[in-house]
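This report concerns only the one structure given below.
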Amino acid sequence: MAPVTATQPRIPTCTYRLQFNRWFTFSQACEIVPYLEALGISDVYASPYFQASPDSLHGYDITDHNMLNPAIGSREDYDAWVAQLHAHSMGQLLDFVPNHVGIAEPLNEWWMDVLENGPSSRYAPYFDIDWQPL
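Everything in the sequence shown is counted per my numbering, starting at 57 for the first residue and increasing by one.
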């Protein structure tokens, strides 16, 4: 894999979608990397893998953008998967959607702070809330 530079970015040529959840983890993704390489895949397109609502099947209901989803694996599992990708000259694209968050469970600290403190919450500006509806 050619090094990525500011003047010559690496452009994916053939991607394959991986849908991470409790039934498909970083460790399992590690196992299929040689198969994906044999198919000619240059990069994997990964579903969100940050901490999400319990039992999330899609990962778009993120509760903490700073933590990996423990149902998918640990930091060590993630690092092993990335190392496996690099060992096979592959990269990853992450489906990162920062405006998607899980609010059904009280696990999202930012959302809970907004519910508890209203407009005075330090996180209020991050949510599109009409504080003075008609």
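Just so you know, even glycine gets a beta-carbon here, dropped at the ideal spot from N, CA and C.
Check, Outcome
"State buried or exposed for V153, treating a residue as buried only when at least 16 other CB atoms are found within 10 Å of its CB.", "exposed"
"Please state whether DSSP places Q64 in a helix, a strand or coil.", "coil"
"In terms of residues, what are the limits of the alpha helix (DSSP H) holding F82?", "82-95"
"Are the Cβ atoms of F76 and Y101 separated by less than 7 Å?", "no"
"Look at the alpha carbon of D151 and the alpha carbon of I185, and state the distance between them as a whole number of angstroms.", "25 Å"
"For the beta strand (DSSP E) that contains D135, what are its first and last residues?", "From DSSP, D135 is part of no beta strand (DSSP E) but of the alpha helix (DSSP H) over 131-143."
"Can you give me the C-alpha to C-alpha distance between Q188 and G115, rounded to a whole angstrom?", "32 Å"
"Let me check understanding here. Comparing Cα to Cα, which of H121, D133, S98 lies closest to A85?", "D133"
"The alpha helix (DSSP H) spanning M123 covers which residue range?", "Careful: M123 lies outside any alpha helix (DSSP H), inside the beta strand (DSSP E) at 118-124."
"Pull up the distance between the alpha-carbon of I67 and that of Q148, whole angstroms please.", "11 Å"
"Within 10 angstroms of the Cβ of Q64, are there 16 or more other Cβ atoms? Answer buried if so, exposed if not.", "exposed"
"Beta carbon of H156, beta carbon of V89: below 7 Å?", "no"
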